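2 protein chains.
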Amino acid sequence: MQVKYWKVAVTVLVPVILLLMPVPAGLPVKAWQLFAVYLGAIIGLMLRPAPEPVVLIVAVAVSSICFKNTSIVLAGYASTTAWLVFSAFMLGQAFVETGLGRRIAYILIGKLGRTTLGLGYVAAFTDMIISPATPSNTARTGGLVYPIFRSIAVTLDSEPGPTSRRIGGYLTLLLYQISITTASMFLTASATNLLVTTFAKSILKQDVSWTQWAMAIFPPSLLILLLVPYIVYKLYPPEIKTINNKEIAANGLAEIGLTTRREKTLALLFVLSIIGWATGTITKIDATAVAIGFVGACLVTGVVKWESLVNAKGAWNTLIWYGGIISLADGLAKAGFFKWLTDVMAKNLNFTGYDAYIILVGLLVISIPVRYFFASLAPYCSTFIPVLFTLGLVANVPVWPLIFLMGAMSEFGCLLTHYGNAVAPVLFGPGYVDQATWWKVGTIVMVVAAVIYLTAGMAYWKVLGLY
Amino acid sequence: MQVKYWKVAVTVLVPVILLLMPVPAGLPVKAWQLFAVYLGAIIGLMLRPAPEPVVLIVAVAVSSICFKNTSIVLAGYASTTAWLVFSAFMLGQAFVETGLGRRIAYILIGKLGRTTLGLGYVAAFTDMIISPATPSNTARTGGLVYPIFRSIAVTLDSEPGPTSRRIGGYLTLLLYQISITTASMFLTASATNLLVTTFAKSILKQDVSWTQWAMAIFPPSLLILLLVPYIVYKLYPPEIKTINNKEIAANGLAEIGLTTRREKTLALLFVLSIIGWATGTITKIDATAVAIGFVGACLVTGVVKWESLVNAKGAWNTLIWYGGIISLADGLAKAGFFKWLTDVMAKNLNFTGYDAYIILVGLLVISIPVRYFFASLAPYCSTFIPVLFTLGLVANVPVWPLIFLMGAMSEFGCLLTHYGNAVAPVLFGPGYVDQATWWKVGTIVMVVAAVIYLTAGMAYWKVLGLY
Numbered sequence: 094m095q096v097k098y099w100k101v102a103v104t105v106l107v108p109v110i111l112l113l114m115p116v117p118a119g120l121p122v123k124a125w126q127l128f129a130v131y132l133g134a135i136i137g138l139m140l141r142p143a144p145e146p147v148v149l150i151v152a153v154a155v156s157s158i159c160f161k162n163t164s165i166v167l168a169g170y171a172s173t174t175a176w177l178v179f180s181a182f183m184l185g186q187a188f189v190e191t192g193l194g195r196r197i198a199y200i201l202i203g204k205l206g207r208t209t210l211g212l213g214y215v216a217a218f219t220d221m222i223i224s225p226a227t228p229s230n231t232a233r234t235g236g237l238v239y240p241i242f243r244s245i246a247v248t249l250d251s252e253p254g255p256t257s258r259r260i261g262g263y264l265t266l267l268l269y270q271i272s273i274t275t276a277s278m279f280l281t282a283s284a285t286n287l288l289v290t291t292f293a294k295s296i297l298k299q300d301v302s303w304t305q306w307a308m309a310i311f312p313p314s315l316l317i318l319l320l321v322p323y324i325v326y327k328l329y330p331p332e333i334k335t336i337n338n339k340e341i342a343a344n345g346l347a348e349i350g351l352t353t354r355r356e357k358t359l360a361l362l363f364v365l366s367i368i369g370w371a372t373g374t375i376t377k378i379d380a381t382a383v384a385i386g387f388v389g390a391c392l393v394t395g396v397v398k399w400e401s402l403v404n405a406k407g408a409w410n411t412l413i414w415y416g417g418i419i420s421l422a423d424g425l426a427k428a429g430f431f432k433w434l435t436d437v438m439a440k441n442l443n444f445t446g447y448d449a450y451i452i453l454v455g456l457l458v459i460s461i462p463v464r465y466f467f468a469s470l471a472p473y474c475s476t477f478i479p480v481l482f483t484l485g486l487v488a489n490v491p492v493w494p495l496i497f498l499m500g501a502m503s504e505f506g507c508l509l510t511h512y513g514n515a516v517a518p519v520l521f522g523p524g525y526v527d528q529a530t531w532w533k534v535g536t537i538v539m540v541v542a543a544v545i546y547l548t549a550g551m552a553y554w555k556v557l558g559l560y
Numbered sequence: 094m095q096v097k098y099w100k101v102a103v104t105v106l107v108p109v110i111l112l113l114m115p116v117p118a119g120l121p122v123k124a125w126q127l128f129a130v131y132l133g134a135i136i137g138l139m140l141r142p143a144p145e146p147v148v149l150i151v152a153v154a155v156s157s158i159c160f161k162n163t164s165i166v167l168a169g170y171a172s173t174t175a176w177l178v179f180s181a182f183m184l185g186q187a188f189v190e191t192g193l194g195r196r197i198a199y200i201l202i203g204k205l206g207r208t209t210l211g212l213g214y215v216a217a218f219t220d221m222i223i224s225p226a227t228p229s230n231t232a233r234t235g236g237l238v239y240p241i242f243r244s245i246a247v248t249l250d251s252e253p254g255p256t257s258r259r260i261g262g263y264l265t266l267l268l269y270q271i272s273i274t275t276a277s278m279f280l281t282a283s284a285t286n287l288l289v290t291t292f293a294k295s296i297l298k299q300d301v302s303w304t305q306w307a308m309a310i311f312p313p314s315l316l317i318l319l320l321v322p323y324i325v326y327k328l329y330p331p332e333i334k335t336i337n338n339k340e341i342a343a344n345g346l347a348e349i350g351l352t353t354r355r356e357k358t359l360a361l362l363f364v365l366s367i368i369g370w371a372t373g374t375i376t377k378i379d380a381t382a383v384a385i386g387f388v389g390a391c392l393v394t395g396v397v398k399w400e401s402l403v404n405a406k407g408a409w410n411t412l413i414w415y416g417g418i419i420s421l422a423d424g425l426a427k428a429g430f431f432k433w434l435t436d437v438m439a440k441n442l443n444f445t446g447y448d449a450y451i452i453l454v455g456l457l458v459i460s461i462p463v464r465y466f467f468a469s470l471a472p473y474c475s476t477f478i479p480v481l482f483t484l485g486l487v488a489n490v491p492v493w494p495l496i497f498l499m500g501a502m503s504e505f506g507c508l509l510t511h512y513g514n515a516v517a518p519v520l521f522g523p524g525y526v527d528q529a530t531w532w533k534v535g536t537i538v539m540v541v542a543a544v545i546y547l548t549a550g551m552a553y554w555k556v557l558g559l560y
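Line order of the protein sequences matches chains A and B.
Numbered according to our numbering, the first sequence terminates at residue 560, and the numbering increases by one at each position without gaps.
Numbered according to our numbering, the second sequence terminates at residue 560, and the numbering increases by one at each position without gaps.
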């Protein structure tokens, strides 16, 4: 294991130095200690001197040994947030295993994939359909959807290099834009969305249900999703314009074989879960209960076996490090850290005279350039979302637009680079698309998304009565 | 997957019937609902229509969907109890992987294993040494210690069948007695000990620290451990009386190779953890913090890699089902179930005029015959320990002897059968020992343990001032 020692040093030294400094006036000691560990954990997540779960286990261990707060730093492991992510991860496994995800893709390819542009829409819809049950872009797009479309590219003799522009480059670049867009759509479509709602709860005192998220964000993001294949098609056109989609679909479906009972059961349970999530505000059954119920039902009906779930390492990794980071973030809130931060900002910043809309735009603008420094989404959400929410609170911005704008744009900010989201290396890695194109197209789509959210999105939220 | 449908039916029907019955007078509805799910979970653990984690996931799902108490049924996953078990499980992995466990065994064999009786003591000490960091009998004895001694038996031409009595039968039967005895010694030597302390907290309102457990139970159990090799040697004598221990040890150590840095680091960290656990009452660092710190330190120093921990399925299985069962048990306590149970018992039972000691003996006696119906230890602890504690509470028995006697004897009760503990099938399975012998010797050792606890143990606790 080759570890870069400077990474270890930075991760350890920053919290140590912080702890050696005097506690800022007005801040409880407990909160300062937690903040030091939290910062160390986030630096660990950014620099990755070790895998994420190891970083969080060490953070939890240090915090519980040095500051005697074991219960506080374990609290996140019982949070409905961590379990929603964990359960949804388990479900992603079911889509891969049963072949249902691939079947959906090939059926859509057969129906809508005659043109390359149509194929782009098929990719978008496939990714969107399974997004509510796969909170990992890497699992959804990297593991399930992209392999299908990459194999289509390979079949059509489009490999990385001279032939990449035939179709492979287009599909690859497009799938990144799609993956990020669908990630924003549902609370369960990206693990980081749950971090956003965690801070909405702890800083803005606002619970956000699965339904509320989908109501507010799905429509504007769907508009963006409908534009994305066309935008990429225009900016980075594939040389192949039509394909023999019927043959590709027939071969793909033949390979998967007949629909099994497991697949049908999964499809039924998935629809029931969507209904469960969508009606949560009426039935009062929370999203986590639905997700755990979905997992339980998959196990009982034999859609997946426990053996294969226990091998779903991504789910366990996520449980460990999300549970840890949520513990720390919640602990910070309970110890009064964000209240103190708000007070400090309120004393030193003056937003009077500025319109709430201008402030929202301002917050969005300052959230963009920092994205170049974040090699994945969770550290961004763990550090910047609390700051943005606190600033918004100080500036007295209406909470709902604040949550949904920052939440949705936390995803779209990933588009700026080829490392902004964990799935980016999976798609960029094969080398179908050069970096300049990747950044350029991503930036354009990000700007389009921002404009849509600041115009149509804000107007729509007004209609919903969110502010 | 061949499932016995009657098992599913019983597991599902019992809670359903319970829920259809009127709620007993004086019991909150919430507590009754939780109790039904809890009972279903325990029946599921007993009959095993599905693996333990699946049973608990379904119980958690049903409870959170039907009774809207997601947070309550997830609470156990943040409990220090569940994390202590989980962390210790992870550590057991380190002992197996680094070869440290095997090295300890071979060193002891070289020093003390010249006679077959001495070899028995080596088995006892090896198992005892690693027991504080391996809360699974299956992992400790079944996975680490037994394979060493079985290979010695095989080397000496003692296989199941006609040659079993040469030495293999003795070592096999002995290791079961040892495994159960060491399991009682430390809070972290058996996952079920944590269930006992969970109920001590929720029913008897008594926290039990790692140190307190070790102080009270280690000495009497050590006495039993010292008797066990001799007892088995007399009751089931091996034909081989002396062995070439030097050669066996030399070969074993040669196979493991030179001591690695990882092994030395693990040994050091293990000693530090024992010190950490033993001094917990002084340092105020709880056992869970020490255990998580131990895991973190093993990861940071490279003793084990995260990759191998994430593959330690036993640990994840245990986290899921212990977390679930602890959530339900704690939920029951918080909903007032045990208070109600105590009131009902107090109204219907009359212990006045009986001496506390007689009542303790009585409780012990009623706890024994039920053991024949339990195919593993956790369901026994989940159902009978609360009943025994409640009875003790109603009878006004001093809490410390109640906790420690029932706690220690929960382990020794496993000795009665060849299925009472998860490690039993691993040892009984190969066929070295017939069932009649297994039950007979186990029963004798169990009686010896009971007598020692009721005489020397009680006297010692008196000296400690525990009652």
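Built from N, CA and C at the ideal position, the CB exists for glycine as well.
Since the structure is predicted, the reported quantities are computational estimates derived from the model, not experimental observations.
Contacts that residue i makes with chain B (C-beta to C-beta distance below 8 angstroms)
| i | result |
| --- | --- |
| A:W409 | V403 and W409 |
Residue range of the alpha helix (DSSP H) that includes residue i
| i | result |
| --- | --- |
| A:I333 | Where A:I333 is concerned, there is no enclosing alpha helix (DSSP H), given that its DSSP letter is neither H nor E. |
| A:I419 | K406 to K427 |
| B:Y214 | T209 to I223 |
| A:F128 | V122 to L140 |
| A:P115 | Element bounds for A:P115: n/a, residue is neither H nor E. |
| B:P146 | E145 to F160 |
| B:A276 | G261 to M278 |
| B:N344 | N338 to I349 |
| B:I561 | Since the first residue of chain B shown is 94 and the last is 560, residue 561 of chain B is not available in this structure. |
| A:R233 | Counting along the chain, A:R233 falls outside any alpha helix (DSSP H), and DSSP gives it neither H nor E. |
| A:Q186 | T173 to T191 |
| A:Q528 | Q528 to I545 |
Residues sharing a beta bridge with residue i, DSSP
| i | result |
| --- | --- |
| B:T358 | For B:T358, which the question treats as bridged, DSSP gives no partner whatsoever. |
| A:L256 | Before going further, note that residue 256 of chain A is Thr rather than Leu in the sequence given. Answer by DSSP bridge pairing: none, since A:T256 is not bridged. |
Where residue i meets chain B, residues with beta-carbon distance less than 7 angstroms
| i | result |
| --- | --- |
| A:Y170 | Y170 and A171 |
| A:K406 | V403 |
| A:S302 | Chain B residues near A:S302: none, gap ~13 angstroms exceeds 7 angstroms. |
Anticipated Cβ contact below 8 angstroms, residue i with residue j, distance rounded
| i | j | result |
| --- | --- | --- |
| B:M502 | B:A543 | 6 angstroms |
| A:T231 | A:V519 | 6 angstroms |
| B:L120 | B:W433 | 5 angstroms |
| B:I296 | B:F128 | With 8 angstroms as the limit, B:I296 and B:F128 do not qualify as a contact, their Cβ atoms being about 14 angstroms apart. |
| A:T510 | A:W493 | So it is not a contact: roughly 29 angstroms between Cβ atoms. |
| B:G213 | B:V325 | 7 angstroms |
Residue i: contacting residues in chain B (beta-carbon distance under 9 angstroms)
| i | result |
| --- | --- |
| A:L167 | Y170, A171, S172, T173, A175, W176, T381 and I385 |
| A:A143 | L392, V393 and W399 |
Amino acids of chain A, ordered along the chain, whose beta-carbon sits closer than 7 angstroms to that of residue i
| i | result |
| --- | --- |
| B:T163 | T173, D379, T381 and A382 |
| B:G389 | I150, V151 and A154 |
| B:I419 | Chain A residues near B:I419: none, gap ~10 angstroms exceeds 7 angstroms. |
| B:I367 | Those do not exist, as B:I367 stays about 15 angstroms from chain A at its closest Cβ, beyond 7 angstroms. |
Where residue i meets chain A, residues with beta-carbon distance less than 9 angstroms
| i | result |
| --- | --- |
| B:P225 | Here the premise fails: no neighbours, minimum Cβ distance about 18 angstroms. |
| B:L127 | Ordered by position in chain A, no residue passes the 9 angstroms Cβ test against B:L127, which lies about 15 angstroms from the chain. |
| B:S295 | Neighbours of B:S295 on chain A: none; closest Cβ ~15 angstroms, over 9 angstroms. |
Within chain A, partners of residue i - CB distance below 8 angstroms
| i | result |
| --- | --- |
| B:V147 | G389, L392, V393 and W399 |
| B:I136 | Near B:I136 there are no residues of chain A at all, since even the closest Cβ is about 15 angstroms away, more than 8 angstroms. |
Within-8 angstroms CB hit, residue i to chain D
| i | result |
| --- | --- |
| B:I375 | Here chain D cannot be found, since the structure's protein chains are A and B. |
Contained alpha helix (DSSP H) runs [length at least 4] in the stretch 472-514 of chain A, N- to C-terminal order: Complete alpha helix (DSSP H) runs here, min 4: 492-505.
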